[in-house]
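Number of protein chains: 2
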Amino acid sequence: MIGVVGGVGPYAGLDLVAKIFDQTEASTDQDHLPLALLSVPAGIPDRTEFLLGYAKDSPAPALARVILDLEAIGATVVGIPCNSAHAPPIFDVIREELAQAGSRVKLVHMIEEAAEFVRAMHPDLRTVGVLSTTGTRQTGVYAATLGRRGIDALMPDRAVQEAVHGAIYDPEYGIKAQSNPVTPAARESLLNALDHLRERGAEAIILGCTEIPLAITEKLIGDAMIVDPTLILARAMIRELDPEKLKPL
Amino acid sequence: MIGVVGGVGPYAGLDLVAKIFDQTEASTDQDHLPLALLSVPAGIPDRTEFLLGYAKDSPAPALARVILDLEAIGATVVGIPCNSAHAPPIFDVIREELAQAGSRVKLVHMIEEAAEFVRAMHPDLRTVGVLSTTGTRQTGVYAATLGRRGIDALMPDRAVQEAVHGAIYDPEYGIKAQSNPVTPAARESLLNALDHLRERGAEAIILGCTEIPLAITEKLIGDAMIVDPTLILARAMIRELDPEKLKPL
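If you're matching them up, the sequences are chains X and W in order.
Letter by letter, the first sequence follows residues 1 to 249 in our numbering.
Letter by letter, the second sequence follows residues 250 to 498 in our numbering.
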């Protein structure tokens, strides 16, 4: 069974489940893969606050707990639709906690999968833009993961980075506060940031926070391929559970 | 915790979760209610086939099993986003199985909630149209539930009923085969059926199959209020778990 760690944020969990269903070969209810979503956000400290050092409590133990609960009801392949949770200060601790608990789940790494996808689909790409929370950015997880594949990660300038962070976290217009529909202000900030990265030479741009694909659904902007790690994670999870059920690209 | 019985069908489960999130007062991830979705469609026989007598196996034991699994991971308020599952030949057996297993979950009854909502919001309504699968229709569950509140349920003529059933189940263009996006053919059949019921005197119309709101999102067509039981179920589940989190209508 597929297990989805929801709540980080709730709508990103839903978006991942929708993409898993969309990418599954199915023409009846019964054709779909078994899946559990566990969305218990109240107990999971904010990832960005922790990564930036504003909050002491790591979300890692709570995330590991959710994964173990999913495993207890049958999940064998698990994904976390939150880029920030894949930064080593969080993800490495989750892996340790799972190992200590004797977990046998296959925990798919969204950022490794996204980098591998970009490299495999476009072997000649040199510069890839990344939009993310400031916390994810500061851990350098995308820069390192892309760098290992010979790709330069291009991040926005400071002012644009702050606007991206606001599009996600602003308590009035941010996507975490208003997800369905997303506010025009949040979408506008993200579109500006995409233009900014394209002008600075990004050949493709990764939407490196799972709230961003709720606002940006374009697959191409100008010449730049827009890469959605939630979609890549969805496909990787199907591949790990039952590759015959995976729709062709 | 809220528990959602998914897989009947998978996208209807997702639609219910989206509506629960949408109807929750929340401006951060952590404000959202705890929720589990368990979508294991392969083990749940088709509800309509059973109700029409085409298949011998009742979906009730498998649905009860999912509810017990949700309860085991902490669900206290559970909903099944499938109208057909609320027909007495299925729902009564689910209740019996839960009682025998000593379950303490609050299982919200979507059709009772929908009928109560219509009565409370529009005390003067006399005739309410119902679009549903042929299986749900033949059990008379909507006619009985509305009838107890002094409302006449109006069903489509035979040819239109068959078109509605096709919009849901057709292996080529039906919503269960193509949910995201729904095909124009499925939406067209449902819009025709809505017009048909309005012409015959329906003052409001209940979308009495959880696949239908995936195609019809209008709240009003002509003078007729369009009633979405998935939305009503979402609100009822929040009310049962934590009424302070329920957004005003």
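Every residue gets a Cβ at the ideal spot worked out from N, C-alpha and C, and that includes glycine.
All values reported here derive from a predicted model rather than from experimental measurement.
Beta-carbon gap between P330 of chain W and G262 of chain W smaller than 7 angstroms: The count along the second sequence starts at 1 and reaches residue 330 of chain W at position 81. The count along the second sequence starts at 1 and reaches residue 262 of chain W at position 13. Yes. Within cutoff.
Beta-carbon spacing of I455 of chain W, V379 of chain W below 7 angstroms: As a working mapping, residue 455 of chain W is identified with position 206 in the second sequence. As a working mapping, residue 379 of chain W is identified with position 130 in the second sequence. In contact: I455 of chain W and V379 of chain W (Cβ atoms closer than 7 angstroms).
Span of the beta strand (DSSP E), counted from its first residue to its last, around M404 of chain W: Here residue 404 of chain W refers to the residue found at position 155 when the second sequence is read from its first residue. Element bounds for M404 of chain W: n/a, residue is neither H nor E.
Within-7 angstroms CB hit, I73 of chain X to chain W: Taking the first sequence and counting its residues from 1, the one referred to as residue 73 of chain X is at position 73. Interface residue (Cβ-Cβ distance to chain W less than 7 angstroms): I73 of chain X is classified as such.
Residue from X:Q138, X:G208, X:I226 and X:G222 with nearest C-alpha to P89 of chain X: Locating residue 89 of chain X in the first sequence gives position 89, where the first residue counts as 1. Here the closest residue by C-alpha is X:Q138.
K494 of chain W - DSSP class collapsed to helix/strand/coil: Here residue 494 of chain W refers to the residue found at position 245 when the second sequence is read from its first residue. Helix.
Within-7 angstroms CB hit, K56 of chain X to chain W: The sequence position of residue 56 of chain X within the first sequence is 56, counting from 1. No, because no Cβ of chain W sits closer than 7 angstroms to the Cβ of K56 of chain X.
Three-state secondary structure assigned by DSSP to L52 of chain X: Here residue 52 of chain X refers to the residue found at position 52 of the first sequence. L52 of chain X: coil per DSSP, three-state reduction.
Sequence-distant residues of the same chain with beta carbon closer than 8 angstroms to H445 of chain W, five excluded per side: Reading the second sequence from its first residue, position 196 is the one you call residue 445 of chain W. Closer than 8 angstroms at Cβ, skipping near neighbours: P405, D406 and V409.
Contacting residues, own chain, Cβ-Cβ under 6 angstroms from G74 of chain X (five flanking each side not counted): Counting from one through the first sequence, the residue named residue 74 of chain X turns up at place 74. For G74 of chain X, same chain residues with a beta-carbon under 6 angstroms away, outside a window of 5 residues either side, are M1 in chain order.
CB contact check: L233 of chain X to chain W, cutoff 7 angstroms: If you number the first sequence from 1, residue 233 of chain X lands on position 233. No, L233 of chain X lies away from the interface with chain W (no Cβ there is under 7 angstroms from its Cβ).
Residue-level contact to chain X via CB, T372 of chain W, 7 angstroms cutoff: By one-based count along the second sequence, residue 372 of chain W stands at place 123. Just to set this straight, residue 372 of chain W is Pro in the shown sequence, not Thr. Cβ-Cβ to chain X under 7 angstroms: no for P372 of chain W.
Chain W contacts made by the segment 14-37 of chain X, where a contact means CB separation under 7 angstroms: Against chain W - using a Cβ distance shorter than 7 angstroms - the residues of the segment 14-37 of chain X are L14, V17, A18, F21, D22, S27, T28, D29, Q30, H32, P34, L35, A36 and L37.
Cβ distance (whole Å) where V315 of chain W is taken to contact V357 of chain W below 8 angstroms: The residue you call residue 315 of chain W lines up with position 66 of the second sequence. The residue you call residue 357 of chain W lines up with position 108 of the second sequence. Actually they are not in contact, since the Cβ atoms of V315 of chain W and V357 of chain W sit about 15 angstroms apart, beyond 8 angstroms.
C-beta neighbour in chain X for K468 of chain W, strict 7 angstroms: By 1-based counting over the second sequence, the position of residue 468 of chain W is 219. Not closer than 7 angstroms to any Cβ of chain X, the Cβ of K468 of chain W fails to qualify, so no.
Closer than 7 angstroms to chain W by CB, P184 of chain X: For the purposes of this step, residue 184 of chain X is taken as residue 184 along the first sequence, with counting starting at 1. For P184 of chain X, the nearest beta carbon of chain W is not closer than 7 angstroms to its own beta carbon.
Span separating the alpha-carbon of A309 of chain W from that of V254 of chain W: In the second sequence, counting from the first residue as 1, residue 309 of chain W sits at position 60. In the second sequence, counting from the first residue as 1, residue 254 of chain W sits at position 5. Going from the Cα of A309 of chain W to the Cα of V254 of chain W covers about 12 angstroms.
Residues near A442 of chain W in its chain [Cβ-Cβ closer than 7 angstroms; skip 5 each side]: Here the question's residue 442 of chain W lines up with position 193 in the second sequence. Answer for A442 of chain W: L380, P405, V409, A412 and V413, listed in chain order.
Separation of A87 of chain X from G140 of chain X, as counted between CA atoms: Here the question's residue 140 of chain X lines up with position 140 in the first sequence. Here the question's residue 87 of chain X lines up with position 87 in the first sequence. Going by the C-alpha atoms only, they are around 8 angstroms apart.
Nearest to L480 of chain W (by Cα), restricted to the options W:I269, W:G258, W:G256 and W:G384: In the second sequence, counting from the first residue as 1, residue 480 of chain W sits at position 231. Ranking W:I269, W:G258, W:G256 and W:G384 by Cα distance to L480 of chain W puts W:I269 first.
Best match in X:D57, X:V105 and X:I175 for proximity to D278 of chain W [C-alpha to C-alpha]: Sequence index remark: in the second sequence, residue 278 of chain W carries index 29 (1-based). Checking every option, the nearest Cα to that of D278 of chain W belongs to X:I175.
Cβ of K247 of chain X within 7 angstroms of any chain W Cβ: Translated into positions along the first sequence, residue 247 of chain X becomes position 247. Not one beta carbon of chain W lies nearer than 7 angstroms to the beta carbon of K247 of chain X.
Rounded C-alpha distance that separates D22 of chain X from P243 of chain X: In the first sequence, counting from the first residue as 1, residue 22 of chain X sits at position 22. In the first sequence, counting from the first residue as 1, residue 243 of chain X sits at position 243. Roughly 14 angstroms separates the two Cα atoms.
Presumed contact (8 angstroms Cβ cut-off) between A464 of chain W and R436 of chain W, rounded CB distance: One-based indexing of the second sequence puts residue 464 of chain W at position 215. One-based indexing of the second sequence puts residue 436 of chain W at position 187. About 5 angstroms separates the two Cβ atoms, so the contact holds.
Option nearest L495 of chain W by Cα separation, candidates W:G258, W:E274 and W:D401: Counted from its first residue, the second sequence places residue 495 of chain W at position 246. The residue among W:G258, W:E274 and W:D401 with its C-alpha nearest the C-alpha of L495 of chain W is W:E274.
S27 of chain X versus P420 of chain W: straight-line alpha-carbon distance, rounded: Counted from its first residue, the first sequence places residue 27 of chain X at position 27. Counted from its first residue, the second sequence places residue 420 of chain W at position 171. Cα to Cα, the separation comes out at about 6 angstroms.
Chain W contact for V40 of chain X (CB, 7 angstroms cutoff): For the purposes of this step, residue 40 of chain X is identified with residue 40 of the first sequence, where counting begins at 1. A Cβ of chain W is located within less than 7 angstroms of the beta carbon of V40 of chain X.
Burial state of G396 of chain W (16 or more Cβ within 10 Å): Residue mapping note: residue 396 of chain W aligns to position 147 of the second sequence, counting from 1. G396 of chain W sits exposed, since fewer than 16 C-beta atoms from the chains shown fall within 10 Å of its C-beta.
Nearest neighbour of R149 of chain X, chosen from X:F117, X:S179 and X:A167 [CA to CA]: Here residue 149 of chain X is taken as the residue at index 149 of the first sequence, counted from 1. Looking from the CA of R149 of chain X, the closest CA among X:F117, X:S179 and X:A167 belongs to X:F117.
Any chain W beta carbon closer than 7 angstroms to N192 of chain X: Start at 1 with the first residue of the first sequence, and residue 192 of chain X comes out as number 192. Chain W, which has no Cβ nearer than 7 angstroms to the Cβ of N192 of chain X, makes this no.
Contact under 7 angstroms by Cβ, E460 of chain W with T376 of chain W: Position 211 of the second sequence, counted from the first residue, corresponds to residue 460 of chain W. Position 127 of the second sequence, counted from the first residue, corresponds to residue 376 of chain W. In this structure, T376 of chain W does not lie closer than 7 angstroms to E460 of chain W by Cβ.
Residue range of the beta strand (DSSP E) that includes G129 of chain X: Counting from 1 along the first sequence, the entry for residue 129 of chain X is found at position 129. Looking at the DSSP string, the run of the beta strand (DSSP E) that includes G129 of chain X is T127 to L131.
Supposed contact pair R368 of chain W and I400 of chain W - C-beta distance, whole angstroms, cut 8 angstroms: Here residue 400 of chain W is taken as the residue at index 151 of the second sequence, counted from 1. Here residue 368 of chain W is taken as the residue at index 119 of the second sequence, counted from 1. Confirmed, about 7 angstroms.
Beta-carbon spacing of A64 of chain X, I44 of chain X below 7 angstroms: As a first step, residue 64 of chain X must be located in the first sequence, where it is residue number 64. As a first step, residue 44 of chain X must be located in the first sequence, where it is residue number 44. Cβ atoms of A64 of chain X and I44 of chain X: not closer than 7 angstroms.
Integer-rounded CB distance, given that M110 of chain X should sit under 8 angstroms from D229 of chain X: Counted from its first residue, the first sequence places residue 229 of chain X at position 229. Counted from its first residue, the first sequence places residue 110 of chain X at position 110. For clarity, residue 229 of chain X is Pro in the given sequence; the question names Asp instead. With 8 angstroms as the limit, P229 of chain X and M110 of chain X qualify as a contact, their Cβ atoms being about 5 angstroms apart.
Close Cβ partners of I226 of chain X (< 7 angstroms) along its chain, the five nearest in sequence each way excluded: Translated into the one-based positions of the first sequence, residue 226 of chain X becomes position 226. Apart from the 5 residues on each side of it in sequence, I226 of chain X sits with its Cβ closer than 7 angstroms to the Cβ of I205, L207, I216, E218, K219 and L220 in its chain, given in chain order.
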